[in-house]
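Numbering (our numbering), first residue to last: 351 to 783.
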């Protein structure tokens, strides 16, 4: 019995010690975990502000419509010179390219069109719109260099069909390890954004080579085929892309912005190969007036800009005829001038007043006729160059004062009752004796 009790007591003590140890470890674990959670919570607290700054949106409507026109093409791109693994003895080279099943050109009015994007090493691309002439590249550093070329749509989106991409590695004087990607490993080519943009959203685009299909990589988690994704970072905000297609982003700040693209595996490790980690600096200046900015803002429709995807399409050129619309404005001004006829009416009255004043000509002096022995004669009305009819006698002996009227018919004076009135003589200067 003593042995059994001792065993029970010992077992209880061991259980008590074990429980206490578990409790201490649990508390210690909780205490040590809190700082980590606070750190992660701080990071997550900062993330929403960043997420709000950069967000994905739908592609511009005009670009979606224009893109359909180019779906019929499957461009095939080749690098004719330099040859693969060729060693050149000059720092200046001529690059000869070839593209089939895609007409490349630049619309003279809109300054855009299908073209080839040419990358030397990991430098920003150069656009080629004419393959009949070689692309001259000067002042190359000695060592190994790689050219990458793919077909591009007018708004810089890469064609992703089989054969749309070509790559060659060559050497200046000698071979080096720089700019020498492994063709058997997955490889990333950073395409967009780069240079300057005048409107949002801004396209993010890349080209992948030797990357496994997601279905193949995810089929067996125990094999050596690792799945891939792109880690994009814009001004410090990171997000993952697992689809090989362009996306459109908004939330860029005016001025300088930086964009980084990394090719990583399913364990979020960087896939080691040349060019798989690339950073570009872009300049965002809102209200740009270039063709791409107007397309993105919707100021140019697909019909107005179809010339950038179809060399023969020229219908929108006559459409700028709406410019004559301002012509009706002069027509509206003419009715406003119509009140001007009212002004001529006042000048008409002025001359009439002058004519009324004209009859008051003082140069005409009329002397009253001297009375004769006969009863006083009546003085007739005097008018220039107007014949006066003889007055008829009236009953009143008193004469009336003549009235002066210009260019008016003279009314006959009332006759007086005198038996025989004497007719006055009328001569020039109108002097009566």
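Glycine is no exception: its CB is placed at the ideal position from the N, C-alpha and C atoms.
Taking DSSP's pairing of strands, which residues face residue i in a bridge?
| i | result |
| --- | --- |
| residue 579 | 614 |
| residue 446 | 431 |
| residue 608 | 631 |
| residue 502 | 465 and 508 |
| residue 426 | 450 |
| residue 476 | 468 |
| residue 542 | 555 |
| residue 584 | 587 and 609 |
| residue 620 | 614 |
| residue 437 | 521 |
Considering only their Cβ atoms, is the gap separating residue j from residue i smaller than 8 Å?
| i | j | result |
| --- | --- | --- |
| residue 600 | residue 550 | yes |
| residue 416 | residue 561 | no |
| residue 656 | residue 614 | no |
| residue 577 | residue 567 | yes |
| residue 481 | residue 454 | yes |
| residue 406 | residue 632 | no |
| residue 594 | residue 558 | yes |
| residue 523 | residue 504 | no |
| residue 625 | residue 539 | yes |
| residue 494 | residue 531 | no |
| residue 434 | residue 518 | yes |
| residue 452 | residue 478 | no |
| residue 485 | residue 445 | yes |
| residue 466 | residue 449 | yes |
| residue 636 | residue 520 | no |
| residue 646 | residue 410 | yes |
| residue 639 | residue 404 | no |
By DSSP, does residue i sit in helix, in strand, or in coil?
| i | result |
| --- | --- |
| residue 454 | coil |
| residue 590 | strand |
| residue 533 | coil |
| residue 574 | coil |
| residue 507 | coil |
| residue 493 | strand |
| residue 404 | coil |
| residue 644 | helix |
| residue 638 | coil |
| residue 656 | helix |
Which residues bound the alpha helix (DSSP H) around residue i?
| i | result |
| --- | --- |
| residue 569 | 564–569 |
| residue 412 | 411–419 |
Going by other Cβ atoms of all chains shown within 10 Å of its Cβ, with 16 needed for buried, is residue i buried or exposed?
| i | result |
| --- | --- |
| residue 422 | exposed |
| residue 412 | buried |
| residue 622 | exposed |
| residue 547 | buried |
| residue 629 | exposed |
| residue 603 | exposed |
| residue 437 | exposed |
| residue 463 | buried |
| residue 498 | buried |
| residue 644 | buried |
| residue 457 | buried |
| residue 641 | buried |
| residue 543 | buried |
| residue 612 | buried |
| residue 541 | buried |
| residue 500 | buried |
| residue 508 | buried |
| residue 514 | buried |
| residue 619 | exposed |
| residue 420 | buried |
Where does the unbroken beta strand (DSSP E) through residue i begin, and where does it stop?
| i | result |
| --- | --- |
| residue 487 | 485–487 |
| residue 556 | 552–559 |
| residue 600 | 597–600 |
| residue 545 | 545–547 |
| residue 481 | That residue, residue 481, is in no beta strand (DSSP E); it is neither H nor E in DSSP. |
| residue 516 | 515–522 |
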